Amino acid sequence: MSTQSTPVDLQPATLPLEILNAIIEELTDDKRALASCGLLNSECYLISRKLLFNRITIDTTDRCNQFHSLILAQPILSSFVRHLTLESRVENTIVVKARLGWKDLISLIRGRRRNRVRFIHSRFLASPSTIPEVLARMEALESITVTGHYGHYRSSLPWTKVDSKAQVALYRAFAYPSIRHITLEWLSEWPLIPFIRYGHLETLSIQDVTQNPAEKDPSLPLSFPTVSGATKREYLRLKNLHILLEEDSIDILQLLASAWAQGPRDLALSEQIQFTATYQQSVYLYANRRAWSRMPQAFLGSVGSYCITSPGPPEDLLAQRSRYLRRPLRSITYPGIYPAPPDLPDPLGIYQFPNITHLQVVLYLVNPFRLGPHPTWPERCPLYELSKSLRNGNLPKLRNFQLKFLVNLNLSEDQPVSEVAGLPYRQPEKLKDFGWAGMDAALTNRAAYPRLATFSMEFQMRTEVSETTDMAAWRSVIAGLAAELPRCRARFEDSFQILVTGNGWQ
Numbered sequence: 005m006s007t008q009s010t011p012v013d014l015q016p017a018t019l020p021l022e023i024l025n026a027i028i029e030e031l032t033d034d035k036r037a038l039a040s041c042g043l044l045n046s047e048c049y050l051i052s053r054k055l056l057f058n059r060i061t062i063d064t065t066d067r068c069n070q071f072h073s074l075i076l077a078q079p080i081l082s083s084f085v086r087h088l089t090l091e092s093r094v095e096n097t098i099v100v101k102a103r104l105g106w107k108d109l110i111s112l113i114r115g116r117r118r119n120r121v122r123f124i125h126s127r128f129l130a131s132p133s134t135i136p137e138v139l140a141r142m143e144a145l146e147s148i149t150v151t152g153h154y155g156h157y158r159s160s161l162p163w164t165k166v167d168s169k170a171q172v173a174l175y176r177a178f179a180y181p182s183i184r185h186i187t188l189e190w191l192s193e194w195p196l197i198p199f200i201r202y203g204h205l206e207t208l209s210i211q212d213v214t215q216n217p218a219e220k221d222p223s224l225p226l227s228f229p230t231v232s233g234a235t236k237r238e239y240l241r242l243k244n245l246h247i248l249l250e251e252d253s254i255d256i257l258q259l260l261a262s263a264w265a266q267g268p269r270d271l272a273l274s275e276q277i278q279f280t281a282t283y284q285q286s287v288y289l290y291a292n293r294r295a296w297s298r299m300p301q302a303f304l305g306s307v308g309s310y311c312i313t314s315p316g317p318p319e320d321l322l323a324q325r326s327r328y329l330r331r332p333l334r335s336i337t338y339p340g341i342y343p344a345p346p347d348l349p350d351p352l353g354i355y356q357f358p359n360i361t362h363l364q365v366v367l368y369l370v371n372p373f374r375l376g377p378h379p380t381w382p383e384r385c386p387l388y389e390l391s392k393s394l395r396n397g398n399l400p401k402l403r404n405f406q407l408k409f410l411v412n413l414n415l416s417e418d419q420p421v422s423e424v425a426g427l428p429y430r431q432p433e434k435l436k437d438f439g440w441a442g443m444d445a446a447l448t449n450r451a452a453y454p455r456l457a458t459f460s461m462e463f464q465m466r467t468e469v470s471e472t473t474d475m476a477a478w479r480s481v482i483a484g485l486a487a488e489l490p491r492c493r494a495r496f497e498d499s500f501q502i503l504v505t506g507n508g509w510q
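Residue numbers (the working numbering): 5 to 510.
In structure tokens form, the structure reads like this:
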């Protein structure tokens, strides 16, 4: 007797399709419930399958082959996939040359007779698989993420190691008109020039990706295949270009900007440029000054929105690395532990883009608020670097400035918020022109910021004990901070906001 489940129309659906959609969408996080819904009737079957196959992750050759067999049996499933993630997981295969007995296995464990067993190490995408056939059936994709790491194992995937058929299939999939978002993570020497012709993209995220040598040296032949079907008349017009600050990040930006400058420049390469610094610091903004000097001025002037995320002091990096390694660390040695050298007039790279209308700065802080000077390097606190950038530059078209602090408060149940969230109201004499006072003076300089109309600050808290929230203490903290910015309160009036949220952050 067959045990295979098939949808049976026990009764016709009496609810409108829109209401039925809304009901089943509430079960999105419960895969078993979604699968059960598909057995009610044909309408529920289609809705549940669309939700079940909306996001697919393929990380091994076996899973790729299984999914390929599934869509061969039910071709409609491939049209339901909207978001695809390809993770190049390392696969270990044991091949036994001859049949082993118990004594042989014991000897193998003890390190003997290893010549009878062979270990094969391979990576998904680096070995032949059915991924070309799978991608060929997914012409309704909206986003693709390709990452060279799996879980806590991080290892860059070189372009030269990728299977040749997979290379062609990937860039053919990138060129699908339905694709809106592409994310590349932990990849080595992958070609980036083809993306300049993908006018259908809205978001391009590049994280821990190194340049292809052929794109660095124009005399070398490009090592990526020619893909038919890519848009020929359109050029990259992004809503957001996100780059993780790394060694090659500015070179990659310069590569894309130069390719964009060779085409029609009626629209910007990207409406927003977003830089994020995590373990590495935003010193990479200035690590390669030649790349900045080669950057087309038309590109720099075309950017309308700039977002820079700068890391916090060493304590924050220490906590992050401790969580990553799953063991406590007492010290950490890291090059460029602070965002930039202290002699730079614009440490956060704000004034590279002179025509921006929207500016967002995100600073990571730890417990307690590191808004004041660091005891060892007082001039390198992120807040002081921001004040320095604001004071030394001018943005005649800037209209909106958002300052966001991501704060990690480790509160005990008997520790009030007022003891943890103390703000540095007194500043060292040598830094009197920076900090809150420097920011207050810079933002109210109408000659430097004539069109600035809104200014808001947000403290997004991540606390371990939510019951310790003391709103009265927070009100006093906000009042004390507002007192440090009297000119901003007078200029921006109703648009001046200081918000405290406690939803946590990633």
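C-beta: ideal position from N, C-alpha, C; glycine also. These numbers were taken from a predicted model, which means no experiment stands behind them.
Requested in this report: May I ask you to report which of helix, strand or coil DSSP gives Ser-262?
Outcome: For this step, residue 262 is matched to residue 258 along the sequence shown. Of the three classes helix, strand and coil, the one that applies to Ser-262 here is helix, per DSSP.
**Report entry** Buried/exposed call for Arg-53, threshold 16 Cβ in 10 Å
**Finding:** Indexing the sequence shown from 1 puts residue 53 at position 49. Arg-53 should be labelled buried.
Report task. Could you work out which residue in Gln-70, Asn-396, Phe-496 is closest to Arg-403 when comparing CA atoms only? Result -> Working through the sequence shown from its first residue, we reach residue 403 at position 399. The option with the nearest alpha carbon to Arg-403 is Phe-496.
Requested in this report: Pull up the CB-CB distance for Ala-144 and Ser-83, whole angstroms please, since I reckon it's below 8 angstroms.
Outcome: For the purposes of this step, residue 144 is taken as residue 140 along the sequence shown, with counting starting at 1. For the purposes of this step, residue 83 is taken as residue 79 along the sequence shown, with counting starting at 1. Contact flag correct, Cβ pair sits at about 5 angstroms.
Query raised in the report: DSSP three-state call for Arg-93: helix, strand or coil?
Result: The count along the sequence shown starts at 1 and reaches residue 93 at position 89. Correct three-state label for Arg-93: coil.
Report task. Could you name the residues of the same chain whose beta carbon sits closer than 6 angstroms to that of Tyr-185, not counting the 5 residues immediately before and after it, in chain order? Result -> One-based indexing of the sequence shown puts residue 185 at position 181. The amino acid at residue 185 is misidentified as Tyr; the sequence shows His. Counting only Cβ-Cβ distances below 6 angstroms, and skipping sequence neighbours, we find Ser-147, Thr-207.
Query raised in the report: Exposed or buried, Gly-484, counting other C-beta atoms within 10 Å across all chains shown (16 or more means buried)?
Result: Position 480 of the sequence shown, counted from the start, is the residue given in the question as residue 484. Burial call: exposed.
Query raised in the report: Taking C-beta to C-beta, are Ala-218 and Asp-255 nearer than 8 angstroms?
Result: Here residue 218 is taken as the residue at index 214 of the sequence shown, counted from 1. Here residue 255 is taken as the residue at index 251 of the sequence shown, counted from 1. In this structure, Asp-255 does not lie closer than 8 angstroms to Ala-218 by Cβ.
Report task. Would you list, in sequence order, the uninterrupted alpha helix (DSSP H) runs of no fewer than 4 residues that lie entirely inside the segment 172–220? Result -> Qualifying alpha helix (DSSP H) stretches, in chain order: 217–220.
Query raised in the report: Smallest Cα separation from Pro-79: which of Asp-270, Phe-178, Leu-50?
Result: Here the question's residue 79 lines up with position 75 in the sequence shown. Closest by alpha carbon: Leu-50.
Query raised in the report: How far does the beta strand (DSSP E) with Ser-314 in it reach, from first residue to last?
Result: Start at 1 with the first residue of the sequence shown, and residue 314 comes out as number 310. That run of the beta strand (DSSP E) goes 309–314.
Query raised in the report: Can you tell which of Ala-130, Ser-133, Leu-174 has its C-alpha closest to the C-alpha of Leu-88?
Result: The residue labelled residue 88 in the question sits at position 84 within the sequence shown. The shortest Cα separation from Leu-88 among Ala-130, Ser-133, Leu-174 belongs to Leu-174.
Query raised in the report: Expressed to the nearest angstrom, what Euclidean distance is found between the alpha-carbon atoms of Arg-127 and Lys-401?
Result: Looking up residue 127 in the sequence shown gives position 123. Looking up residue 401 in the sequence shown gives position 397. In a straight line, the C-alpha of Arg-127 is about 49 angstroms away from that of Lys-401.
Query raised in the report: What number of angstroms, rounded off, separates the C-alpha of Pro-136 from the C-alpha of Lys-169?
Result: Taking the first residue of the sequence shown as position 1, residue 136 is located at position 132. Taking the first residue of the sequence shown as position 1, residue 169 is located at position 165. So the alpha carbons of these two residues sit roughly 7 angstroms apart.
Requested in this report: Spatial neighbours of Arg-491 within its chain, please: CB distance less than 6 angstroms, with the 5 preceding and 5 following residues excluded, ordered by chain position.
Outcome: Translated into the one-based positions of the sequence shown, residue 491 becomes position 487. Excluding the 5 residues flanking it on each side, Arg-491 has same chain C-beta neighbours closer than 6 angstroms at Asp-444, Thr-448, in chain order.
Query - CA-to-CA distance, Asn-396 to Phe-500, given in whole angstroms - result: Here the question's residue 500 lines up with position 496 in the sequence shown. Here the question's residue 396 lines up with position 392 in the sequence shown. One C-alpha to the other measures close to 22 angstroms.
Query raised in the report: Are the Cβ atoms of Asn-244 and Gln-276 separated by less than 8 angstroms?
Result: Here residue 244 is taken as the residue at index 240 of the sequence shown, counted from 1. Here residue 276 is taken as the residue at index 272 of the sequence shown, counted from 1. Yes.
Report task. Please list, in chain order, all residues of the same chain as Leu-191 whose beta carbon is under 6 angstroms from its beta carbon, the five residues on each side excluded. Result -> Locating residue 191 in the sequence shown gives position 187, counting from the first residue. Once the five neighbours on either side are set aside, the close Cβ partners of Leu-191 are Gly-152, Leu-161, Val-213.
**Report entry** Residues near Ala-234 by beta carbon distance below 6 angstroms, same chain, minus five either side
**Finding:** As a position in the sequence shown, residue 234 is number 230, starting the count at 1. Reliability fails at Ala-234, whose pLDDT of 42 lies under 50, so the model's placement of it is uncertain and no value is given.
**Report entry** Simplified DSSP state of Thr-164, which is helix, strand or coil
**Finding:** Numbered from its first residue, the sequence shown carries residue 164 at position 160. In the displayed model, Thr-164 falls within a helix according to three-state DSSP.
Query raised in the report: Going straight from the alpha carbon of Tyr-453 to that of Trp-163, what length do you get?
Result: Residue 453 sits at position 449 when you count from the first residue of the sequence shown. Residue 163 sits at position 159 when you count from the first residue of the sequence shown. The straight-line gap from Cα to Cα measures roughly 45 angstroms.
Requested in this report: Quick one: measure Cβ to Cβ for Glu-462 and Lys-408, integer angstroms, because I've assumed they're closer than 8 angstroms.
Outcome: Position 458 of the sequence shown holds residue 462. Position 404 of the sequence shown holds residue 408. Going by Cβ atoms, the distance from Glu-462 to Lys-408 rounds to 5 angstroms, so yes, they are a contact pair.
Requested in this report: Would you identify the three-state DSSP class for Val-85, choosing helix, strand or coil?
Outcome: Residue numbering aside, residue 85 sits at position 81 when the sequence shown is read from its first letter. In this structure, Val-85 counts as coil in the three-state DSSP scheme.
Query raised in the report: What is the DSSP secondary structure of Tyr-453, reduced to helix, strand or coil?
Result: Position 449 of the sequence shown holds residue 453. It is coil, neither helix nor strand.
Query raised in the report: Do Phe-57 and Val-138 have their C-beta atoms within less than 8 angstroms of each other?
Result: Here residue 57 corresponds to residue number 53 of the sequence shown, with the count starting at 1. Here residue 138 corresponds to residue number 134 of the sequence shown, with the count starting at 1. Contact flag unset, no.
Query - Buried or exposed by the 16-neighbour rule on C-beta atoms within 10 Å, applied to Thr-65 - result: Position 61 of the sequence shown, counted from the start, is the residue given in the question as residue 65. Classification of Thr-65: buried, given that the 10 Å Cβ count is 16 or more.
Query raised in the report: Assuming Ser-309 and Ile-360 make a contact with CB atoms under 8 angstroms, what is their CB distance in whole Å?
Result: Residue mapping note: residue 309 aligns to position 305 of the sequence shown, counting from 1. Residue mapping note: residue 360 aligns to position 356 of the sequence shown, counting from 1. Yes, Ser-309 and Ile-360 are in contact; Cβ-Cβ is about 6 angstroms, under 8 angstroms.
Query - Sequence-distant residues of the same chain with beta carbon closer than 6 angstroms to Leu-2, five excluded per side - result: Here the chain comprises residues numbered 5 to 510, so residue 2 is not present and cannot be evaluated.
**Report entry** For Lys-408: DSSP bridge partner residues
**Finding:** As a working mapping, residue 408 is identified with position 404 in the sequence shown. Paired residue(s): Val-366, Glu-462.
Requested in this report: Go through its chain and collect everything with a Cβ distance to Val-85's Cβ below 6 angstroms, but skip five positions before and after it.
Outcome: Here residue 85 corresponds to residue number 81 of the sequence shown, with the count starting at 1. Contacts found: Phe-57, Ile-60, Met-142.
Query raised in the report: What is the DSSP secondary structure of Arg-241, counted as helix, strand or coil?
Result: Stepping through the sequence shown from its first residue, residue 241 is reached at position 237. Looking at Arg-241 - three-state DSSP - the assignment turns out to be coil, as it is neither helix nor strand.
Query raised in the report: Is Phe-357 closer than 8 angstroms to Phe-405 when the C-beta atoms are compared?
Result: For this step, residue 405 is matched to residue 401 along the sequence shown. For this step, residue 357 is matched to residue 353 along the sequence shown. No, the Cβ-Cβ distance between Phe-405 and Phe-357 is not below 8 angstroms.
Query raised in the report: Could you give the C-beta distance for Ala-446 and Leu-489, rounded to a whole number, given that I count them as a contact under 8 angstroms?
Result: Your numbering for residue 446 matches position 442 in the sequence shown. Your numbering for residue 489 matches position 485 in the sequence shown. Contact flag wrong, Cβ pair sits at about 11 angstroms.
Query raised in the report: From what residue to what residue does the beta strand (DSSP E) around Phe-279 run?
Result: Here residue 279 refers to the residue found at position 275 when the sequence shown is read from its first residue. Segment 276–280, the beta strand (DSSP E) holding Phe-279.
**Report entry** Alpha carbon of Thr-280 to alpha carbon of Gly-305, nearest angstrom
**Finding:** Taking the sequence shown and counting its residues from 1, one reaches residue 280 at position 276. Taking the sequence shown and counting its residues from 1, one reaches residue 305 at position 301. Answer to the nearest angstrom: the Cα atoms are 21 angstroms apart.
Query raised in the report: Taking the alpha-carbon positions, what's the Ile-183 to Ala-494 distance?
Result: Sequence index remark: in the sequence shown, residue 183 carries index 179 (1-based). Sequence index remark: in the sequence shown, residue 494 carries index 490 (1-based). The straight-line gap from Cα to Cα measures roughly 46 angstroms.
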